[in-house]
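Engineer:
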Amino acid sequence: MGIQRSGQTSQVGFFDTADQLVQEYGQLQFLDDLIRLRAADLVQHPILAYPRSASHAASYDYYSGQDLNTMINQAATMLMDFGFQTVGLPMPSDLTHSDSSSQPRRNKSIVALLAFSDRNMVVAFFTLSRLGYIVLMLSPRLSGKACVSLLETVGCESIVYGETPSIRSTVGNIVQLKLVSCHALPRSSLETKAEPRFFFLCRDRDPDKTAVILHSSGSTGTPNRCSLPIERS
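Positions 1 to 233 (the UniProt record's numbering) are the ones given, in order, by the sequence shown.
The following block contains the structure:
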C-alpha cells in the first residue's frame with residue numbers, strides 16, 4: 001500500500017485526504033484506515049494483487065483502493081445480515097480468565113476466521129477488522145480439537161469459515177466438541193451493484209489493544225495463541 005507521490009501537487013492532495021480521514025475517523029492506525037485513504041485517492045492505483053487462480057499462480061488480478069473498499073463494504077453488509085454488528089475492541093482483561101471460574105470469559109468481539117488463503121479470505125479479514133472485531137486466524141491445517149482449544153482459550157464463540165470440503169469437515173468436528181456460531185465466508189464481487197449499508201465505526205484505537213490473534217503450529221502439542229496489538233498489526 002504505497003503512497004503515490006509524483007510531484008508537489010500529489011503530495012498536497014495526499015495530505016488533504018489524510019487530514020479529512022483523521023477528522024472523520026481519528027489517526028490512521030489500522031490497515032483499514034489505509035484502505036480508506038487509498039480509496040479516496042483521485043487517481044487510483046493497485047494496492048492489492050492476488051493470483052487469479054491456483055492453476056495460474058503467475059497471473060494476477062489487481063485491485064485499487066476503491067475496489068478493495070467496495071468489496072469490504074459488500075462483505076460487511078452480508079455479515080451484518082447474518083447478525084454481526086459494529087463493536088469496539090475489548091480491554092486486555094477480556095482476554096483473560098475470570099476470577100470466579102477456570103473457564104475464559106465469552107468474548108463476542110472475537111471472531112475466528114478459518115479459510116484457505118484467497119481473495120475472499122483477505123477481504124473477510126479486513127471486513128471483520130472494519131466492523132471492530134478481533135480476528136482469530138485459524139490455520140486450515142489444525143485439527144478440530146486444536147481449533148476448539150484456541151477458541152476456548154480466547155473465549156471465542158463465532159467462526160467465519162471457507163466452504164471447501166476439508167474446511168467444512170474441520171468445522172463439523174469443531175461443532176461436535178463446542179457450541180459455536182458458524183457463518184460461511186462472504187463472497188463479494190466488483191460486479192455486484194448492491195448499495196452498501198451505512199454503519200458507524202466505534203473501534204478502540206489504543207495501540208496496545210489486541211487487533212489480531214495468531215497461533216503457533218501446535219506440532220509439539222496444543223497450539224498457543226499469539227496476540228498482536230494494533231500498533232503491530
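Heads up, the beta-carbon is just placed ideally off N, CA and C, and yes, glycines get one too.
1) Could you tell me the boundaries of the beta strand (DSSP E) in which Cys-156 lies?
2) Under 8 angstroms Cβ to Cβ from Lys-108, same chain only, skipping five residues before and after it: list those, please.
3) How about Met-137 and Val-212: are their beta carbons less than 8 angstroms apart?
4) Quick one: Cα of His-183 to Cα of Ser-55, how far?
5) Just curious, the alpha helix (DSSP H) that Asp-61 is in, first and last residue?
6) Per DSSP, which residues does Ser-181 bridge with? Please list them.
7) Would you kindly work out how many angstroms separate the C-alpha atoms of Val-154 and Leu-185, rounded to a whole number?
8) For Ile-167 versus Leu-114, is the C-beta distance shorter than 8 angstroms?
9) In this structure, how does DSSP classify Leu-142 when only helix, strand and coil are distinguished?
10) Quick check on the DSSP output: the beta strand (DSSP E) that includes Thr-210 runs from which residue to which?
11) Mapping DSSP to helix, strand and coil, what is Pro-186?
12) Apply the 10 Å Cβ neighbour rule to Thr-70 and answer buried if 16 or more other Cβ atoms are within range, or exposed otherwise.
13) Bridge partners for Tyr-133 per DSSP, in chain order?
14) Near Arg-187, what residues of its chain come up, given a Cβ to Cβ distance below 7 angstroms and the 5 sequence neighbours on each side ignored?
15) Express the C-alpha separation of Arg-141 and Ser-219 in angstroms, rounding to a whole number.
16) Could you check if Leu-179 is buried or exposed, using at least 16 other CB atoms within 10 Å of its CB as the buried criterion?
17) Among all the DSSP beta bridges, which residues are the ones paired with Arg-225?
18) Would DSSP call Ser-53 helix, strand or coil?
19) Beta-carbon within less than 6 angstroms of Ala-146's beta-carbon, same chain only, minus the 5 sequence neighbours each way: which residues are those?
20) Buried or exposed, going by whether 16 or more other CB atoms sit within 10 Å of the CB of His-215?
21) What are the boundary residues of the alpha helix (DSSP H) that includes Leu-42?
22) Return the CA-CA distance between Ser-117 and Asp-19, expressed in angstroms with no decimal places.
Structural biologist: The structure says:
1) Here residue 156 refers to the residue found at position 156 when the sequence shown is read from its first residue. Unbroken run through Cys-156: none, as it is neither H nor E.
2) Locating residue 108 in the sequence shown gives position 108, counting from the first residue. Taking C-beta separations shorter than 8 angstroms and ignoring five residues to either side along the sequence, the partners of Lys-108 in its chain run Val-87, Glu-157, Ser-158, following chain order.
3) Reading the sequence shown from its first residue, position 137 is the one you call residue 137. Reading the sequence shown from its first residue, position 212 is the one you call residue 212. Against a cut-off of 8 angstroms, the Cβ pair of Val-212 and Met-137 comes out as a contact.
4) Numbered from its first residue, the sequence shown carries residue 183 at position 183. Numbered from its first residue, the sequence shown carries residue 55 at position 55. Using only the alpha carbons, I get a separation of about 28 angstroms.
5) On the sequence shown, position 61 is the one that residue 61 refers to. Judged by DSSP secondary structure, Asp-61 falls outside any alpha helix (DSSP H) and instead within the beta strand (DSSP E) spanning 56-64.
6) Position 181 of the sequence shown, counted from the start, is the residue given in the question as residue 181. Partner residues in the beta bridge of Ser-181, as assigned by DSSP, are Ser-158.
7) Indexing the sequence shown from 1 puts residue 154 at position 154. Indexing the sequence shown from 1 puts residue 185 at position 185. Taking the straight line from one Cα to the other gives about 21 angstroms.
8) Here the question's residue 167 lines up with position 167 in the sequence shown. Here the question's residue 114 lines up with position 114 in the sequence shown. It is a contact, given that the beta carbons lie within the stated cut-off.
9) Numbered from 1 along the sequence shown, position 142 holds the residue referred to as residue 142. Three-state DSSP puts Leu-142 in coil, outside helix and strand.
10) Start at 1 with the first residue of the sequence shown, and residue 210 comes out as number 210. Segment 210-215, the beta strand (DSSP E) holding Thr-210.
11) Translated into the one-based positions of the sequence shown, residue 186 becomes position 186. Pro-186: coil per DSSP, three-state reduction.
12) Here residue 70 refers to the residue found at position 70 when the sequence shown is read from its first residue. Answer is buried; the Cβ neighbour count reaches 16.
13) Residue mapping note: residue 133 aligns to position 133 of the sequence shown, counting from 1. In DSSP, Tyr-133 forms no bridge with anything.
14) Position 187 of the sequence shown holds residue 187. Answer for Arg-187: Asn-120, listed in chain order.
15) For the purposes of this step, residue 219 is taken as residue 219 along the sequence shown, with counting starting at 1. For the purposes of this step, residue 141 is taken as residue 141 along the sequence shown, with counting starting at 1. Each residue's alpha carbon lies about 10 angstroms from the other.
16) In the sequence shown, counting from the first residue as 1, residue 179 sits at position 179. Exposed.
17) Walking along the sequence shown from the start, residue 225 turns up at place 225. His-215.
18) Reading the sequence shown from its first residue, position 53 is the one you call residue 53. It is a strand residue.
19) Locating residue 146 in the sequence shown gives position 146, counting from the first residue. Answer for Ala-146: Gly-218, Pro-223, listed in chain order.
20) For the purposes of this step, residue 215 is identified with residue 215 of the sequence shown, where counting begins at 1. Classification for His-215: buried.
21) For the purposes of this step, residue 42 is identified with residue 42 of the sequence shown, where counting begins at 1. Neither: Leu-42 is in no alpha helix (DSSP H) and is coded neither H nor E.
22) Start at 1 with the first residue of the sequence shown, and residue 117 comes out as number 117. Start at 1 with the first residue of the sequence shown, and residue 19 comes out as number 19. Distance between the alpha carbons of Ser-117 and Asp-19 is about 34 angstroms.
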